[in-house]
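Student: If you read the protein sequences in the order shown, they are chains W and A. For the first sequence, our numbering begins at 32 and goes up steadily by one. For the second sequence, our numbering begins at 582 and goes up steadily by one. The C-beta atom is built at its ideal place from N, Cα and C for all residues, glycine as well.
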Amino acid sequence: MTTVETAVGATKTMVLNMGPQHPSTHGVLRVLLELDGENVVSAVPDIGYLHTGIEKSCEDKTYSQVITLTDRMDYLNPLGNNLVYCLAVEKLLGLEVPKRAQYIRVMLVELQRISSHLVWLGTHAIDMGAMSVLLYCFREREEILKIFERFSGQRMMTSFIRIGGVALQPPAGWRAQVKRFLDMMPARIDEYENLLTENRIWQGRLKGVGYLSPETLVALSTTGPGLRAAGIAYDNRKAFPYSSYEEFDFNVPMRTESDCYARYLVRVAEMRESLKIIRQAMDKITDDGPIKAEAPGIVPPQREKMKTEMEALIYHFKIFTEGFSPPPGEAFVAVESPRGELGCFIASDGSPKPLRVHFRSPSFINLQALPKMAKGQLIADTVACIGTIDIVLGEVDR
Amino acid sequence: MTQLANTNANAVVERLRAWNPQAVAEVVEYRGETTIVVPRELLRAAAQQCKENRALDFNLLSDVTCVDRFPVEPRFELNYQLVSITRRERIRLRTSVSAQHPVMDSVVPVWPGADWLEREVFDLFGIRFDGHPDLRRILLPDGFEGAPLRRDFPVEGKR
């Protein structure tokens, strides 16, 4: 049992459990707060309530069966999880993904980034008391989920990014729908900013709260908007470009104040940058073209071919029963998820099932900063700190 | 793969060799990634060198992972993913511990962010880290027995 030592006697402190069931912990997170009145003496997170053994389960499945498990870790960024896993498997295989499939991946992952930041903003705002912002953000997120449903049939756990490319051709009418979203969104982001950015209460609750120096953040292995709000220019899309990101023109928003307010500004600016990337991706995606690499034995053949050609049928059968075997070796790939550096480490032993799959989840590692962030502040600031780190418990616990 | 290849990797290997030739037991280059195999006793010192040497400057510890190579000995292979933000470079340090003595030096004195990463490896693989400030289970309940991510632990669990 996670416990904390308390002071007794003249200066007494009290230990309160925040969570695991609590509206502001954004999931099943338990924080042991040692309090001296309203002041937090220590805040110790206790995690593991959502541990489902995903990494162990991956060892019992073939490489393509693992994709559906990856959706369910960071459940606000399923396409990003799919992407990092598929990139790692493709690296192990030495498989090149066609450009058109890479552009589709970029577009969908950036849409996912916006939807994740919308959930973050809505929940962070309602934690601070701005209740309407939650509904406005979820209204826009509905449009994104409708786009995903059109593409894959699923709103959230799409499993749309597959090994070698994406699952299906973009559906009829997708351009009009994405364009409608892109035209509507900038004004909506302005709406959120009108409500929050210059708001005295918002600034009062967030400015100066949860400050950590850049050196502390790097030492604690924090990545993502938290690091960029401290002035450190580290974004995987620019530092180690993947999936054709080097062809896109976008900025990486940064601040230097490294408090909750700075992180808010960084994430809102990131939403605007993602819109730019989506527009460019939409222009780059041609109406016709491949969605998967040509790799018989690894990438399943088209269904029409499978029904008429014997060879295709045999490949289909082998892939979906036995699976394919990458050569023995290890690979580590990292992408920029809305929360930070999301990495996937795969070790292959030459069999159709992975020897080890490990996900470097940014929420798990960023959460380590909570005790330092919350110490010495008020309980209400702890809520702001948990919100500003932007955790998803599915990813923290796996 | 459009990920940038590790072009400066040889420079890193040479600098580590210059610091201590025994630290670089083996270099593995695969799919554009460089892995430096370091003997177990030298890993913490090598990690410190990687971080503090200005020419290496691997200030961010991205990940600590364990691979159970059962039944091959030494059984547990530890992989440390390092990132140099300033030099835009990644490197992996690898070492192994045996099943009979699954103890490793903690790198928390070098990167405090290794705290939870090593706790996770302790929790799921049963490897102890000497010098870790607070080594206890992190994901599994405290009363849990066993190390589930070991290959000889069944995926359905034990009853």
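Write down the C-beta distance between P357 of chain W and V97 of chain W rounded to the nearest angstrom, noting that I regard them as a contact closer than 8 angstroms.
Tutor: Within the first sequence, numbered from 1, the residue matching residue 357 of chain W stands at position 326. Within the first sequence, numbered from 1, the residue matching residue 97 of chain W stands at position 66. Contact flag wrong, Cβ pair sits at about 12 angstroms.
Student: Strictly by DSSP, which residues pair up with E361 of chain W?
Tutor: Indexing the first sequence from 1 puts residue 361 of chain W at position 330. E361 of chain W pairs with W:A378.
Student: Answer with yes or no whether the minimum CB distance from T646 of chain A to chain W is below 7 angstroms.
Tutor: What you label residue 646 of chain A is simply residue 65 of the second sequence in a count that begins at 1. Yes, T646 of chain A lies at the interface with chain W (some Cβ there is under 7 angstroms from its Cβ).
Student: Report the CB separation of S392 of chain W from S643 of chain A in whole angstroms; it is logged as a contact under 8 angstroms.
Tutor: Locating residue 392 of chain W in the first sequence gives position 361, counting from the first residue. Locating residue 643 of chain A in the second sequence gives position 62, counting from the first residue. Not confirmed; about 11 angstroms, so no contact.
Student: Report yes or no: is there a C-beta of chain W within less than 7 angstroms of the C-beta of R668 of chain A?
Tutor: Indexing the second sequence from 1 puts residue 668 of chain A at position 87. No, its Cβ sits nowhere closer than 7 angstroms to a Cβ of chain W.
Student: Write down every uninterrupted run of the alpha helix (DSSP H) in the stretch 291-328 of chain W whose length is 4 residues or greater and which is fully enclosed by it, in chain order.
Tutor: The qualifying runs are 291-315.
Student: Under three-state DSSP, which class holds D644 of chain A?
Tutor: Along the second sequence, one-based indexing puts residue 644 of chain A at 63. Residue state, collapsed to three classes: strand.
Student: So does the stretch 365-377 of chain W actually touch the stretch 622-633 of chain A, counting three or more Cβ pairs closer than 8 angstroms?
Tutor: Contact check between the stretch 365-377 of chain W and the stretch 622-633 of chain A: fewer than three CB pairs, one atom from each, fall below 8 angstroms, which does not count as touching.
Student: Mark K232 of chain W as exposed unless 16 or more other C-beta atoms lie within 10 angstroms of its C-beta, in which case mark it buried.
Tutor: As a position in the first sequence, residue 232 of chain W is number 201, starting the count at 1. Before going on, a small fix: residue 232 of chain W reads as Ile here, not Lys. Counting Cβ neighbours within 10 Å, I232 of chain W comes out exposed, since fewer than 16 surround it.
Student: Using Cβ-Cβ distances below 7 angstroms, what residues of the stretch 380-399 of chain W are close to chain A?
Tutor: L386, R387, H389, R391, F395, I396 and Q399
Student: Tell me, which residues are paired with V366 of chain W by DSSP?
Tutor: Along the first sequence, one-based indexing puts residue 366 of chain W at 335. Partner(s): W:L373.
Student: Count the other CB atoms, across all protein chains shown, that sit within 10 Å of the CB of V35 of chain W; report buried if there are 16 or more and exposed otherwise.
Tutor: Position 4 of the first sequence, counted from the start, is the residue given in the question as residue 35 of chain W. By the neighbour-count rule (16 or more Cβ atoms within 10 Å), V35 of chain W is not buried but exposed.
Student: Quick check: L107 of chain W and S147 of chain W, are their CB atoms within less than 7 angstroms of each other?
Tutor: Locating residue 107 of chain W in the first sequence gives position 76, where the first residue counts as 1. Locating residue 147 of chain W in the first sequence gives position 116, where the first residue counts as 1. A contact, by the Cβ cut-off of 7 angstroms.
Student: L124 of chain W and A362 of chain W - do their beta-carbons sit closer together than 7 angstroms?
Tutor: Position 331 of the first sequence, counted from the first residue, corresponds to residue 362 of chain W. Position 93 of the first sequence, counted from the first residue, corresponds to residue 124 of chain W. Not closer than 7 angstroms, so no.
Student: Secondary structure at G153 of chain W, three-state DSSP: helix, strand or coil?
Tutor: As a first step, residue 153 of chain W must be located in the first sequence, where it is residue number 122. Looking at G153 of chain W - three-state DSSP - the assignment turns out to be helix.
Student: Using only alpha-carbon positions, find the residue among W:L47, W:R236 and W:P129 that is nearest to G68 of chain W.
Tutor: Your numbering for residue 68 of chain W matches position 37 in the first sequence. Ranking the options by Cα distance to G68 of chain W, first place goes to W:L47.
Student: What does Q681 of chain A reach in chain W if we use C-beta pairs closer than 9 angstroms?
Tutor: Walking along the second sequence from the start, residue 681 of chain A turns up at place 100. Under the 9 angstroms cutoff, chain W gives no residues; its nearest Cβ is about 21 angstroms from Q681 of chain A.
Student: Please report the distance separating the alpha-carbon of I708 of chain A from that of G262 of chain W.
Tutor: The sequence position of residue 708 of chain A within the second sequence is 127, counting from 1. The sequence position of residue 262 of chain W within the first sequence is 231, counting from 1. Rounded to the nearest angstrom, the two C-alpha atoms are 36 angstroms apart.
Student: So the beta strand (DSSP E) S434 of chain W belongs to, where does it begin and stop?
Tutor: An answer regarding residue 434 of chain W cannot be provided, because it is not within the stretch 32 to 429 covered by chain W.
Student: How is the alpha helix (DSSP H) around N230 of chain W delimited, first residue to last?
Tutor: For this step, residue 230 of chain W is matched to residue 199 along the first sequence. First-last for N230 of chain W: undefined, no H or E at that position.
Student: Is the separation between the beta-carbon of L110 of chain W and that of V140 of chain W shorter than 7 angstroms?
Tutor: Your numbering for residue 110 of chain W matches position 79 in the first sequence. Your numbering for residue 140 of chain W matches position 109 in the first sequence. Yes, the pair counts as a contact, with Cβ atoms nearer than the cut-off.
Student: State the DSSP-derived secondary structure class of T254 of chain W, mapped to helix, strand or coil.
Tutor: For this step, residue 254 of chain W is matched to residue 223 along the first sequence. If DSSP states are grouped into helix, strand and coil, T254 of chain W belongs with coil.
Student: Does DSSP put N587 of chain A in a helix, a strand or coil?
Tutor: Counted from its first residue, the second sequence places residue 587 of chain A at position 6. Residue placement at N587 of chain A is poorly supported in this model, since its pLDDT is 47, which falls under 50; the coordinates are not used for a value here.
Student: Measure the CB-CB distance between E180 of chain W and R186 of chain W and report whether it falls below 7 angstroms.
Tutor: Numbered from 1 along the first sequence, position 149 holds the residue referred to as residue 180 of chain W. Numbered from 1 along the first sequence, position 155 holds the residue referred to as residue 186 of chain W. Contact flag set, yes.
Student: From the DSSP output, read off the bridge partner residues of H389 of chain W.
Tutor: As a working mapping, residue 389 of chain W is identified with position 358 in the first sequence. In the DSSP output, where bridge partners are listed per residue, H389 of chain W has W:F376.
Student: Go ahead and label K323 of chain W buried or exposed: buried means 16 or more other beta carbons lie within 10 angstroms of its beta carbon, across all protein chains shown.
Tutor: As a first step, residue 323 of chain W is located in the first sequence; it is residue number 292 there, counting from the start. When all chains shown are included, K323 of chain W counts as buried.
Student: Classify N601 of chain A as buried or exposed, calling it buried when 16 or more other Cβ atoms lie within 10 Å of its own Cβ.
Tutor: If you number the second sequence from 1, residue 601 of chain A lands on position 20. Result: exposed.
Student: Answer with yes or no whether the minimum CB distance from V691 of chain A to chain W is below 7 angstroms.
Tutor: The sequence position of residue 691 of chain A within the second sequence is 110, counting from 1. At a cut-off of 7 angstroms, the C-beta of V691 of chain A has no neighbouring C-beta in chain W.
Student: Does V423 of chain W pass the burial test, meaning 16 or more other C-beta atoms within 10 Å, or should it be called exposed?
Tutor: As a first step, residue 423 of chain W must be located in the first sequence, where it is residue number 392. With 16 or more Cβ atoms within 10 Å of its Cβ, V423 of chain W is classed as buried.
Student: Excluding five sequence neighbours on each side, which residues of the same chain lie with their C-beta closer than 6 angstroms to the C-beta of Y661 of chain A?
Tutor: For the purposes of this step, residue 661 of chain A is taken as the residue at position 80 of the second sequence. So the list reads V645 and L674, once near-sequence residues are dropped.
Student: Using a Cβ cut-off of 7 angstroms (strictly closer), state whether D318 of chain W contacts chain A.
Tutor: On the first sequence, residue 318 of chain W is found 287 positions in, with the first residue counted as 1. Closer than 7 angstroms: no.
Student: Which residues, taken in chain order from the stretch 56-90 of chain W, show a beta carbon closer than 8 angstroms to some beta carbon of chain A?
Tutor: Listed in sequence order: I78, G79, H82, G84, E86, K87, S88 and E90.
Student: From T189 of chain W to P385 of chain W, what does the alpha carbon distance come to, in whole angstroms?
Tutor: The residue you call residue 189 of chain W lines up with position 158 of the first sequence. The residue you call residue 385 of chain W lines up with position 354 of the first sequence. Their Cα atoms are separated by approximately 22 angstroms.
Student: Just the C-alpha distance for L344 of chain W and V330 of chain W, rounded to the nearest angstrom, thanks.
Tutor: By 1-based counting over the first sequence, the position of residue 344 of chain W is 313. By 1-based counting over the first sequence, the position of residue 330 of chain W is 299. Going from the Cα of L344 of chain W to the Cα of V330 of chain W covers about 13 angstroms.
Student: Are there 16 or more other CB atoms within 10 angstroms of the CB of R669 of chain A, so buried, or fewer, so exposed?
Tutor: Position 88 of the second sequence holds residue 669 of chain A. By the neighbour-count definition (other C-beta atoms within 10 Å, threshold 16), R669 of chain A is an exposed residue.
Student: Taking 7 angstroms as the limit between beta carbons, can you name the residues of its chain near L226 of chain W, skipping five residues before and five after?
Tutor: Start at 1 with the first residue of the first sequence, and residue 226 of chain W comes out as number 195. Cβ neighbours of L226 of chain W beyond the five flanking positions: A161 and V164.
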